[in-house]
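Participant: First the structure, then my questions, so here it is.
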Amino acid sequence: MDFREEQIARLLNSNIVRGTASDEQWVQLITDYFLTAPVEVSPLSGSDSESDSPDTDSSPQTTDAEEDEDTTEEQPLLNDPVAETLQSVRHYVSEDSAQEIERARDYRCSCTFNDGVPCYTRYTPAEMVKRRDQMNEMTNEASFPAVSSLFPDVVNCMQTDNLELKKLVYLYLMNYAKSQPDMAIMAVNSFVKDCEDPNPLIRALAVRTMGCIRVDKITEYLCEPLRKCLKDEDPYVRKTAAVCVAKLHDINAQMVEDQGFLDSLRDLIADSNPMVVANAVAALSEISESHPNSNLLDLNPQNINKLLTALNECTEWGQIFILDCLSNYNPKDEREAQSICERVTPRLSHANSAVVLSAVKVLMKFLELLPKDSDYYNTLLKKLSPPLVTLLSGEPEVQYVALRNINLIVQKRPEILKQEIKVFFVKYNDPIYVKLEKLDIMIRLASQANIAQVLAELKEYATEVDVDFVRKAVRAIGRCAIKVEQSAERCVSTLLDLIQTKVNYVVQEAIVVIRDIFRKYPNKYESIIATLCENLDSLDEPDARAAMIWIVGEYAERIDNADELLESFLEGFHDESTQVQLTLLTAIVKLFLKKPSETQELVQQVLSLATQDSDNPDLRDRGYIYWRLLSTDPVTAKEVVLSEKPLISEETDLIEPTLLDELICHIGSLASVYHKPPSAFVEGSHGVHRKHLPVQNSSYDKKCRCRPSSERQVFLATWKDIPNENELQYQIKECHLNADSVSGKLQNNNIFTIAKRNVEGQDMLYQSLKLTNGIWILAELRIQPGNPNYTLSLKCRAPEVSQYVYLTYDSVLKS
Amino acid sequence: MIHSLFLINHAGDIFLEKHWKSVISRSVCDYFFEAKEKAVEPENVPPVLQTPHHYLISIYRDKLFFLSVVQTEVPPLFVIEFLHRVADTIQDYFGECTESLINDNVVTLYELLEEMLDNGFPLATESNVLKEMIRPPTILRSVVNTLTGSSNVGDKLPTGQLSSIPWRRAGVKYTNNEAYFDVIEEIDAIVDKSGTTVFAEIQGVIEASVRLTGMPDLSMTFMNPSLLDDVSFHPCVRFKRWESERALSFIPPDGNFTLMNYHVSTQNLVTIPVYVKQNICFFETGPCGRLEITVGPKQTMGKTVEALMVTIHMPKAVLSANLTATQGNYTYDLATKVLVWDIGKLNPQKLPNLRGSLSLQSGAPKPEDNPSLNIDLKIQQLAISGLKVSRLEMNGEKYKPFKGVKYLTKAGNFQVRT
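From first to last, the protein sequence lines stand for chains G and Z. Note that full-length UniProt numbering has the first sequence beginning at 1, numbered continuously upward. Note that full-length UniProt numbering has the second sequence beginning at 1, numbered continuously upward.
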């Protein structure tokens with residue numbers, strides 16, 4: 001039997017058990033049908049089965065039940081009162097008579113409960129089959145599922161005054177109308193009638209259920225009642241009808257539009273009842289999700305005012321919908337933004353965490369519009385912190401979502417939580433998904449002021465049980481060293497302590513992060529290389545092996561037995577992963593360049609391994625390049641292989657600023673949990689209007705207000721991130737300015753130079769700008785002294801705007 | 001919005017499903033089972049999962065998974081909060097949230113779920129409103145229903161839902177009018193092995209039990225409201241009054257409810273009531289270790305610490321513990337590796353002490369991880385933050401109610417590292 005049927009069966013069934021003596025015999029009838037799956041009964045079908053049935057006291061009558069009412073009543077054999085009742089009831093339900101149902105009830109009450117114990121009787125399988133066969137004949141449909149065969153009876157029962165029975169009938173219809181669309185039409189009249197019932201609860205229930213019946217034919221008839229209900233005098237009905245529009249839209253979007261229901265919904269935003277407003281907003285938001293380009297919710301200051309009024313009075317769920325809707329609004333100026341913020345701030349004290357987070361979203365978004373030096377801006381920042389901290393004392397699931405969002409908030413506005421690092425300390429019984437997120441945020445918040453505490457914590461975590469967590473903790477120590485220079489020494493000694501524990505995965509992870517520390521602080525901590533080398537044999541992960549090989553190659557001149565160490569890796573060269581092979585190749589070449597006399601054989605060996613015995617093109621290519629370099633021009637080889645490496649960035653896995661801004665607009669949503677824009681994972685949302693943070697004023701090219709410290713890294717990362725084909729080059733002709741005056745001139749027009757460098761006598765200026773619609777443009781301006789023609793390279797995700805940016809540059813520089 | 005709900009037991013069987021829109025096949029749960037398999041411990045299953053066509057958002061409560069399926073972008077916290085509300089309602093109606101109780105009451109639960117969501121939109125989640133529409137099952141009621149033939153489904157319009165105070169039903173009447181408030185504070189703290197507090201905060205909650213006739217308007221003021229770092233209120237509390245006067249002014253729901261949650265995190269305000277001296281070590285040689293724990297009072301403001309209990313999650317290698325306790329009993333559960341020392345009342349004159357040896361699996365390496373101690377305790381008649389209610393007044397009704405405020409301090413997540 002279908003699981004759902006079983007549940008409904010139990011549902012209906014236990015109503016009987018509990019003696020809900022409403023029109024319960026009828027209910028039982030369905031129950032019995034439910035409980036008898038067609039497959040189980042079919043062997044018993046036919047006239048023979050009747051006599052086989054052990055429970056024969058009532059079965060002989062079943063046959064005539066449908067045809068002859070009177071005989072049933074007068075059956076002399078009917079001495080069992082329960083069976084008698086059932087007989088008559090089964091009869092009556094097919095009659096359209098409330099009076100007779102009443103009669104049935106009386107029977108039931110007088111007979112069912114012997115000794116106070118409620119009991120109920122089932123039909124025998126034979127009876128069931130009989131009954132079903134009759135139904136089948138009626139409808140001429142052989143494959144009729146047993147459950148839905150009661151449709152006509154059920155529909156008749158809709159007219160009962162008993163609320164519970166009504167609810168059950170509605171429930172039945174919701175589940176089975178789909179399988180019997182033709183029969184479902186029979187219910188329409190009753191629905192329409194119920195929609196005009198004097199009791200608003202009934203009206204609401206009817207319109208609610210009707211929307212749940214996903215049958216096109218029914219839906220057509222729904223329009224009129226729905227239209228009435230949307231204008232009902234009772235707000236309870238109106239709010240139910242609002243949701244019903246969303247249901248209808250899901251079934252037949254075209255019809256909703258044609259019938260003008262969207263306009264009615266919009267009218268409901270001005271409703272006097274806050275719950276109606278909230279539901280209308282919720283329905284409109286849901287509809288607009290499948291309607292990418294429409295501007296369903298016309299957010300004008302007037303509507304916003306209505307929403308803000310409703311916000312205070314509606315339920316917690318309604319508040320979430322309204323807040324989410326508010327976050328899509330772009331206030332026209334800072335004053336409006338501030339007044340909205342003031343009215344939203346009280347929601348931060350709501351007990352429902354979803355309300356809090358939605359309020360945070362609105363505030364984070366509108367903060368963009370407030371002048372940074374205003375008092376209000378700073379007060380608001382202060383107000384944001386306590387509720388975020390409180391979210392972390394909720395259930396672990398709430399904590400998880402909160403942490404994912406805090407991760408974004410910390411990247412966007414680190415000042416909000418910089419004092420609160422302690423709340424992110426890990427408790428040993430936190431679920432692992434909470435632990436990992438907390439760790440991430442701890443590193444982001446680590447600073448000189450709190451590094452001692454953070455390190456002590458990380459060291460503690462590195463001795464925990466969970467391997468993933470321990471690894472991440474070790475990695476975090478390395479990241480702290482790179483981020484907070486003053487702590488590097490302490491971090492390194494902590495890592496050494498951890499290496500001493502000899503726990504395999506800890507050692508390996510430590511070596512990987514020590515490599516990064518070496519990159520960041522060259523020539524500072526080489527004294528520890530000896531300790532690292534002791535652990536050479538225990539390294540079995542490619543990452544760790546590659547890191548160790550890199551260290552040995554990089555510091556080959558200081559390690560006496562570097563050649564031996566590297567040679568030991570060479571033995572199983574072909575079994576190594578590509579990453580290790582490539583690193584090993586480079587390391588040996590480095591070694592050769594540093595100590596050419598003793599290692600010629602080794603380098604020969606590795607070059608031949610890489611070029612001749614390998615089928616990996618990357619490895620082969622690199623091998624050939626080295627080979628040729630070494631054989632043609634050892635000096636250049638040295639320059640290339642031992643060149644100075646660029647510094648590594650202090651912040652790793654920062655979210656790209658454009659994406660971060662977009663995600664900030666999605667705080668509290670699934671996007672904020674996945675850290676992906678909705679277009680990347682929500683089905684059918686391609687081409688959905690991307691959300692952007694509002695921009696303070698509307699001058700055409702408005703520079704982003706990025707934190708200067710990380711700007712260069714961000715620029716670099718973004719530059720790399722944008723595909724090369726998006727790069728466009730333009731010539732700015734006849735411009736006689738030097739680099740500094742160019743930079744000054746641009747700055748006056750809100751284009752700020754992030755970095756400047758001199759390459760082969762040319763000045764390179766790096767600039768970034770962000771347009772009011774959120775598009776980022778990165779620019780590289782090349783100025784050759786003496787040459788009045790500048791080269792402007794623009795990189796942008798939307799290359800179509802580059803042309804206009806170039807024109808702006810041109811006019812700014814020539815003005 | 002919320003599309004479907006599946007209830008899944010500890011063993012991974014789906015024992016109830018409810019769909020608010022079209023039916024989604026149970027096979028969608030396979031993704032969840034996969035994640036569950038991967039997480040090993042049920043607590044560690046990530047609450048938000050992505051599948052090709054759906055998103056699965058789940059909570060784990062009372063050894064049951066409440067798994068909801070959503071198809072569109074929704075705020076996950078909204079779903080999580082709702083699922084917790086479902087679990088709360090089950091607890092409220094049936095006393096406990098267990099599989100067998102849910103199976104026994106599947107009808108009522110079904111009716112409840114139907115009322116709680118409509119097409120994925122929350123409809124009625126307030127306990128007061130729900131109880132008006134669907135009466136909770138009681139033995140008495142089922143007998144009465146049996147005799148009179150009435151059902152447990154109310155036939156009235158849930159009036160509360162429409163008034164501006166949806167949390168209170170109209171026409172409440174009591175012969176004894178009483179309003180009791182419990183100020184309960186939980187200490188969350190991490191203390192490191194040297195006894196220094198790494199992190200401490202207090203989670204406070206004011207639970208109310210109000211049985212008052214009519215439409216009483218209560219206001220509560222505190223001696224020292226500035227203590228509170230963050231507050232969140234029941235919807236009944238008027239936020240403006242709190243902003244301006246730091247007073248809680250509200251028309252209460254009828255019955256039991258949480259009036260407010262608060263948070264005290266300023267470190268120097270959080271006092272730690274007990275100290276723990278511990279020494280757990282494992283020897284390099286031989287499969288054994290030593291354990292010694294002493295607990296003593298630190299800052300208890302002259303009150304007695306009761307229901308003191310120390311729980312230790314031992315490393316996997318620990319086979320048994322041979323200990324002596326000067327007070328209380330200890331048990332060591334082999335299967336879960338949990339050592340529980342139930343101390344009871346803390347006597348400052350004679351500090352309880354637990355000492356002895358631990359034996360390890362022979363051949364197992366010395367455990368690397370240090371077990372953490374979890375402390376449980378209770379202090380009656382004390383709010384450890386020092387928060388005090390100064391006044392409780394009632395307006396709007398003529399009678400004189402009984403009023404009372406009780407204080408209680410408990411350990412929340414109080415961990416001592418070793």
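Built from N, CA and C at the ideal position, the CB exists for glycine as well.
From G:K590, G:L619, G:S597, pick the residue whose C-alpha is nearest to that of T578 (chain G); which is it?
Facilitator: Residue 578 (chain G) sits at position 578 when you count from the first residue of the first sequence. Here the closest residue by C-alpha is G:L619.
Participant: Going along chain Z, which residues have a C-beta under 7 Å from H291 (chain G)?
Facilitator: The residue you call residue 291 (chain G) lines up with position 291 of the first sequence. By Cβ distance, chain Z contributes nothing, its closest Cβ being about 12 Å from H291 (chain G), past 7 Å.
Participant: Leaving out five residues before and five after V362 (chain G) in sequence, what residues of the same chain have Cβ atoms less than 6 Å from its Cβ?
Facilitator: In the first sequence, the residue the question calls residue 362 (chain G) occupies position 362. Once the five neighbours on either side are set aside, the close Cβ partners of V362 (chain G) are L323, L326, S327, V344.
Participant: For K520 (chain G), collect the residues of the same chain with a Cβ closer than 8 Å to its Cβ; drop the 5 residues on either side in sequence, then sort them by chain order.
Facilitator: Position 520 of the first sequence, counting from 1, holds the residue named residue 520 (chain G). Closer than 8 Å at the Cβ level, and outside the excluded window around K520 (chain G), lie A481, I482, A488, L647, I648, E650.
Participant: So, are the CB atoms of I2 (chain Z) and I8 (chain Z) less than 8 Å apart?
Facilitator: Along the second sequence, read from residue 1 onward, the residue named residue 2 (chain Z) stands at position 2. Along the second sequence, read from residue 1 onward, the residue named residue 8 (chain Z) stands at position 8. No, these two residues do not count as a Cβ contact at 8 Å.
Participant: If you measure between the beta carbons of V281 (chain G) and D118 (chain Z), is that distance less than 8 Å?
Facilitator: Residue 281 (chain G) sits at position 281 when you count from the first residue of the first sequence. Residue 118 (chain Z) sits at position 118 when you count from the first residue of the second sequence. Contact flag unset, no.
Participant: Taking DSSP as the reference, what is the three-state secondary structure of F283 (chain Z)?
Facilitator: Mapped onto the second sequence, residue 283 (chain Z) falls at position 283. Three-state DSSP puts F283 (chain Z) in coil, outside helix and strand.
Participant: Mind checking which residues open and close the alpha helix (DSSP H) that includes R628 (chain G)?
Facilitator: Start at 1 with the first residue of the first sequence, and residue 628 (chain G) comes out as number 628. 617-632 is the span of the alpha helix (DSSP H), which, as asked, contains R628 (chain G).
Participant: In whole angstroms, give me the CA-to-CA distance for residue 819 (chain G) and K438 (chain G).
Facilitator: Since the first and last residues shown for chain G are 1 and 815, residue 819 (chain G) lies out of range.
Participant: For H10 (chain Z), I'd like the list of residues in its chain whose CB is within less than 8 Å of its CB, leaving aside the five on either flank, ordered along the chain.
Facilitator: Counting from one through the second sequence, the residue named residue 10 (chain Z) turns up at place 10. Correct list, in chain order: P42, K63, L64.
Participant: Beta carbon of V506 (chain G), beta carbon of A544 (chain G): below 8 Å?
Facilitator: By 1-based counting over the first sequence, the position of residue 506 (chain G) is 506. By 1-based counting over the first sequence, the position of residue 544 (chain G) is 544. Their beta carbons are not under 8 Å apart, which means V506 (chain G) does not touch A544 (chain G) by this criterion.
Participant: For the pair the stretch 244-259 of chain Z and the stretch 218-225 of chain Z, tell me if three or more CB-CB distances fall below 8 Å.
Facilitator: Flag = yes, the stretch 244-259 of chain Z and the stretch 218-225 of chain Z touch.
Participant: Measure from the C-beta of V215 (chain G) to each C-beta in chain Z and report whether the shortest distance is under 8 Å.
Facilitator: Numbered from its first residue, the first sequence carries residue 215 (chain G) at position 215. It does not; no Cβ of chain Z falls within 8 Å.
Participant: Taking contact to mean at least 3 C-beta pairs separated by less than 8 Å, is the stretch 369-389 of chain G in contact with the stretch 175-189 of chain Z?
Facilitator: Flag = no, the stretch 369-389 of chain G and the stretch 175-189 of chain Z do not touch.
Participant: For S385 (chain G) and P346 (chain G), what's the separation of their Cα atoms in angstroms?
Facilitator: Within the first sequence, numbered from 1, the residue matching residue 385 (chain G) stands at position 385. Within the first sequence, numbered from 1, the residue matching residue 346 (chain G) stands at position 346. Using only the alpha carbons, I get a separation of about 14 Å.
Participant: Under the three-state reduction of DSSP, which class applies to D791 (chain G): helix, strand or coil?
Facilitator: Here residue 791 (chain G) corresponds to residue number 791 of the first sequence, with the count starting at 1. With the sequence shown as reference, residue 791 (chain G) is identified as Thr, and Asp is not the correct amino acid for it. T791 (chain G) falls in the strand class under three-state DSSP.
Participant: For the candidate residues G:S608, G:S272, G:H291, whose alpha-carbon lies nearest to that of A246 (chain G)?
Facilitator: In the first sequence, the residue the question calls residue 246 (chain G) occupies position 246. Here the closest residue by C-alpha is G:H291.
Participant: Step through the CB atoms of chain C and report whether any lies within less than 8 Å of the CB of S265 (chain Z).
Facilitator: Among the protein chains of the structure shown, namely G and Z, there is no chain C.
Participant: I need the straight-line Cα distance from L373 (chain Z) to L593 (chain G), nearest angstrom please.
Facilitator: Taking the first residue of the second sequence as 1, we reach residue 373 (chain Z) at position 373. Taking the first residue of the first sequence as 1, we reach residue 593 (chain G) at position 593. Cα-Cα distance, rounded: 56 Å.
Participant: Using a Cβ-Cβ distance cut-off of 8 Å, determine whether T611 (chain G) contacts chain Z.
Facilitator: On the first sequence, position 611 is the one that residue 611 (chain G) refers to. With 8 Å as the cut-off, T611 (chain G) does not count as an interface residue toward chain Z.
Participant: Comparing C-alpha positions only, which one of G:Q508, G:I559, G:Y525 sits nearest to residue 816 (chain G)?
Facilitator: The question about residue 816 (chain G) has no answer, for chain G in this structure spans 1 to 815.
Participant: Using the beta-carbon count (16 or more within 10 Å), is H84 (chain Z) buried or exposed?
Facilitator: Here residue 84 (chain Z) corresponds to residue number 84 of the second sequence, with the count starting at 1. It is buried - the Cβ of H84 (chain Z) has at least 16 other Cβ atoms within 10 Å.
Participant: If the cut is a Cβ gap below 7 Å, which residues of chain G does residue 447 (chain Z) touch?
Facilitator: In the structure as shown, chain Z starts at 1 and stops at 418, and residue 447 (chain Z) therefore has no counterpart that could be examined.
Participant: Identify whether M314 (chain Z) lies in helix, strand or coil by the three-state DSSP scheme.
Facilitator: Looking up residue 314 (chain Z) in the second sequence gives position 314. Reduced to three states, the DSSP call for M314 (chain Z) is coil.
Participant: Are there three or more Cβ pairs, one per stretch, closer than 8 Å when the stretch 42-54 of chain Z is compared with the stretch 779-786 of chain G?
Facilitator: No, the stretch 42-54 of chain Z does not touch the stretch 779-786 of chain G.
Participant: Please report the Cβ distance between P122 (chain Z) and F82 (chain Z), rounded to the nearest whole angstrom; I am assuming they are in contact, meaning their Cβ atoms lie under 8 Å.
Facilitator: Position 122 of the second sequence, counting from 1, holds the residue named residue 122 (chain Z). Position 82 of the second sequence, counting from 1, holds the residue named residue 82 (chain Z). Yes, they are in contact, since the Cβ atoms of P122 (chain Z) and F82 (chain Z) sit about 6 Å apart, within 8 Å.
Participant: How about Q327 (chain Z) and P352 (chain Z): do their beta carbons lie closer than 8 Å?
Facilitator: For the purposes of this step, residue 327 (chain Z) is identified with residue 327 of the second sequence, where counting begins at 1. For the purposes of this step, residue 352 (chain Z) is identified with residue 352 of the second sequence, where counting begins at 1. For Q327 (chain Z) and P352 (chain Z), yes; Cβs fall inside 8 Å.
Participant: In the stretch 297-319 of chain G, which residues sit with their C-beta less than 7 Å from some C-beta in chain Z, listed in chain order?
Facilitator: For the stretch 297-319 of chain G, which is checked against every Cβ of chain Z, the residues closer than 7 Å are E313, T315, E316, W317.
Participant: Distance, Cα to Cα, E257 (chain G) vs A278 (chain G)?
Facilitator: Here the question's residue 257 (chain G) lines up with position 257 in the first sequence. Here the question's residue 278 (chain G) lines up with position 278 in the first sequence. Those two C-alpha atoms are separated by around 21 Å.
Participant: How would you write the range of the beta strand (DSSP E) that S782 (chain G) sits in, first residue to last?
Facilitator: Numbered from 1 along the first sequence, position 782 holds the residue referred to as residue 782 (chain G). Note that residue 782 (chain G) is Arg in the sequence shown here, rather than Ser. Residues 776-783.
Participant: For F469 (chain G) and A456 (chain G), I'd like the C-alpha separation in whole angstroms.
Facilitator: By 1-based counting over the first sequence, the position of residue 469 (chain G) is 469. By 1-based counting over the first sequence, the position of residue 456 (chain G) is 456. Whole-angstrom Cα-Cα distance: 16 Å.
Participant: Ends of the alpha helix (DSSP H) at V812 (chain G)?
Facilitator: As a working mapping, residue 812 (chain G) is identified with position 812 in the first sequence. Looking at the DSSP string, the run of the alpha helix (DSSP H) that includes V812 (chain G) is 802-814.
Participant: Taking DSSP as the reference, what is the three-state secondary structure of G394 (chain G)?
Facilitator: By one-based count along the first sequence, residue 394 (chain G) stands at place 394. Here G394 (chain G) sits in coil by DSSP.
Participant: Please return the same chain residues whose Cβ sits closer than 6 Å to the Cβ of K239 (chain G), not counting the five positions on each side in sequence.
Facilitator: As a working mapping, residue 239 (chain G) is identified with position 239 in the first sequence. Only M275, V276, N279 meet the Cβ criterion.
Participant: Give me the chain Z residues within the contact set of R208 (chain G), using Cβ-Cβ distance strictly less than 7 Å, ordered along the chain.
Facilitator: Position 208 of the first sequence, counted from the first residue, corresponds to residue 208 (chain G). Correct list: D118.
Participant: When DSSP labels each residue in this structure, what does S698 (chain G) get in the three-state scheme?
Facilitator: As a working note, residue 698 (chain G) is residue 698 in the first sequence. The predicted model places S698 (chain G) with a pLDDT of 41, which falls under 50 and marks its position as unreliable, so this point remains unresolved.
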